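Here's the structure, in structure tokens; my notes come after.
Residue numbers (the working numbering): 35 to 99.
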């Protein structure tokens, strides 16, 4: 029974999508990663994200609230 449960749990975890790392849509290819990795990795996100006038900043957690 323990082996069957372990196999079932492993099968469920194997099918779950793994999302991590850099989102390609946020990468700014006009910036060399060796010159400024932050703007290389986030440049397009920075360009298209509007900061509301009543906020000093915005991040992914701001979108949740």
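Here a beta-carbon is modelled for each residue, glycine too, at the ideal position from N, C-alpha and C.
Model, not experiment: these values are computed from the prediction.
> Excluding five sequence neighbours on each side, which residues of the same chain lie with their C-beta closer than 6 Å to the C-beta of residue 76?
Replying inline: Taking the chain shown and counting its residues from 1, one reaches residue 76 at position 42. So the list reads 60, once near-sequence residues are dropped.
> Tell me which same chain residues have a C-beta within less than 8 Å of the C-beta of residue 78, skipping the five on either side of it?
Replying inline: As a working note, residue 78 is residue 44 in the chain shown. So the list reads 59, 60, 61 and 62, once near-sequence residues are dropped.
>> Does residue 74 pass the burial test, meaning 16 or more other C-beta atoms within 10 Å, or should it be called exposed?
In response: Taking the chain shown and counting its residues from 1, the one referred to as residue 74 is at position 40. Answer is buried; the Cβ neighbour count reaches 16.
> With a CB to CB cut of under 7 Å and the five nearest residues on each side skipped, what residues in its chain are close to residue 56?
Replying inline: The count along the chain shown starts at 1 and reaches residue 56 at position 22. Around residue 56: 75.
>> Please report the distance separating the alpha-carbon of residue 91 from that of residue 98.
In response: As a first step, residue 91 is located in the chain shown; it is residue number 57 there, counting from the start. As a first step, residue 98 is located in the chain shown; it is residue number 64 there, counting from the start. Rounded to the nearest angstrom, the two C-alpha atoms are 14 Å apart.
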